[in-house]
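Residue numbers (the numbering used here), protein chains in the order written: chain A, 1 to 189; chain B, 1001 to 1165.
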């Protein structure tokens, strides 16, 4: 093999390596952009919409009871996100408890309180202050609030017996009748 | 004599009981944490590495919301109970997720945050080095087209034109 042939072969090999390098760099950039786009799209999405199935979640209450959303099919769920540091949450606390006491005897409506980014002592104090008796628990790892893509507190999600979201209240309920008017249509046979 | 001996024994038992009770009381006091003994600096040393999800991009040590104040109070309480910084950070991660940390834990997709910047810098440096080398060293004669690759008549024509200039 002549020197020129060897040089030509070396040059060809170098060109191939460079092409592979460029290809890999472009691929890496593409994958990175896909990941970034996915993250941005997820951030842009609003809360879970009416008509969608709610995400599955598990809530461990302050009393140590474990509730799985999948096990609660057949009941109308009222899922309320709140926090002890949230002043608007206080406006609806008494009405939510009154609504719970109104529907509790039926057995087919369940209220769930989810304490968002709260500390346990303050959350417990809040529950005691407003005499809240329906199951409440912390949003461990903020997993439930992220699954529902909430924007803040208070937010309330009312879910039908099949697990489909039927009503969303962003901000506090204004009255007990407003809560009832959101739940009652879901109880009709 | 018997009475004096009994008295001495009673006195000794009394002293031991007193020491025991005092020691016991001391232990009980030590088990009761007092968050007031923890300084703001101690709390902030941990808080500055944490971020409350409610107040995005504001470190916990300078965040003024009620939620952050409650978090700082919780740190104070845990410190008073003898928790280490690592334990407290772990507790916050378990309670509120990875996003409370100033730097993501190196696992899963989080590795991108650690790998992409140095790889990008190295890649950029490599491109720059290649570009500078290309300027300093013009193509070697071996990479230039060889005159012998040209047909002889073309070479003659070029030489002729060069002589005429």
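From the three backbone atoms N, C-alpha and C, an ideal C-beta is built for every residue, glycine too. Treat the numbers as computed from the prediction; the structure is a model and nothing was measured.
(message) Between the alpha carbons of residue 1154(B) and residue 1132(B), how many angstroms are there, rounded?
(response) 35 angstroms
(message) Measuring alpha carbon to alpha carbon, tell me which residue in 61(A), 113(A), 64(A), 46(A) is nearest residue 82(A).
(response) 113(A)
(message) With a threshold of 8 angstroms between beta carbons, is residue 1023(B) in contact with chain A?
(response) Low local confidence applies: a pLDDT of 44 at residue 1023(B) is under 50, so the model's placement there is unreliable, with the coordinate-based value given in what follows. No, its Cβ sits nowhere closer than 8 angstroms to a Cβ of chain A.
(request) Just list the beta strand (DSSP E) runs in the segment 53-89 of chain A, keeping only unbroken ones of 3 residues or longer that don't cross its boundaries, in chain order. (result) 58-60, 66-68, 76-82
(request) Along the beta strand (DSSP E) that carries residue 167(A), what are the first and last residues, could you check? (result) 165-170
(message) Please confirm whether residue 1070(B) has its beta-carbon closer than 8 angstroms to some beta-carbon of chain A.
(response) yes
(request) Alpha carbon to alpha carbon, how far is residue 159(A) from residue 187(A)? Give it in angstroms, no decimals. (result) 11 angstroms
(message) As a quick exercise: from 1165(B), 1067(B), 1038(B), 1076(B), pick the residue whose alpha carbon is nearest that of residue 85(A).
(response) 1067(B)
(message) Taking 7 angstroms as the limit between beta carbons, can you name the residues of its chain near residue 1096(B), skipping five residues before and five after?
(response) 1053
(request) Determine the direct distance from the alpha carbon of residue 125(A) to that of residue 176(A), and round the result to whole angstroms. (result) 23 angstroms
(message) My assumption, with CB atoms under 8 angstroms, is that residue 76(A) sits in contact with residue 50(A). Please give the rounded CB distance.
(response) That pair is no contact at about 14 angstroms.
(request) Note down, one range per segment and in chain order, each beta strand (DSSP E) of at least 3 residues found wholly within the segment 1071-1153 of chain B. (result) none
(message) Please identify, using Cβ separations under 9 angstroms, the residues of the segment 71-99 of chain A that lie next to chain B, in order along the chain.
(response) 83, 84, 85, 86, 87
(request) Return the CA-CA distance between residue 1100(B) and residue 1051(B), expressed in angstroms with no decimal places. (result) 5 angstroms
(message) Would residue 179(A) and residue 99(A) qualify as a contact pair, given that the criterion is a beta-carbon distance under 8 angstroms?
(response) yes
(message) Quick check: what's the CA-CA separation for residue 1071(B) versus residue 111(A)?
(response) 27 angstroms
(message) Strictly below 7 angstroms CB to CB, what residues from chain A border residue 1082(B)?
(response) Chain A residues near residue 1082(B): none, gap ~18 angstroms exceeds 7 angstroms.
(request) Identify whether residue 1044(B) lies in helix, strand or coil by the three-state DSSP scheme. (result) helix
(message) Helix, strand or coil for residue 142(A)? Go by DSSP, reduced to three states.
(response) helix
(request) Give the interface partners of residue 1067(B) over in chain A, defined as CB-CB distance under 8 angstroms, in chain order. (result) 83, 85, 117, 118
(message) Using 8 angstroms as the threshold, is the C-beta distance between residue 132(A) and residue 155(A) below it?
(response) no
(message) Taking the alpha carbon of residue 185(A) as the reference point, which residue from 90(A), 173(A), 165(A), 171(A) has its own alpha carbon closest?
(response) 165(A)
(message) Please return the same chain residues whose Cβ sits closer than 8 angstroms to the Cβ of residue 1022(B), not counting the five positions on each side in sequence.
(response) In this prediction, residue 1022(B) has a pLDDT of 47, which is less than 50 and means its spatial position is unreliable; nothing more can be read from the coordinates.
(message) Buried or exposed for residue 1158(B), going by 16 or more other Cβ atoms inside 10 Å?
(response) exposed
(request) In the DSSP assignment, find the beta strand (DSSP E) that holds residue 113(A) and state where it starts and stops. (result) 109-115
(request) Check whether the segment 135-144 of chain A touches the segment 61-68 of chain A, counting contact only when three or more Cβ pairs, one atom from each stretch, lie closer than 8 angstroms. (result) yes
(request) Give me the Cβ distance between residue 116(A) and residue 183(A), rounded to the nearest whole Å; I'm assuming they're in contact under 8 angstroms. (result) Wrong, their Cβ atoms sit about 22 angstroms apart, outside the cutoff.
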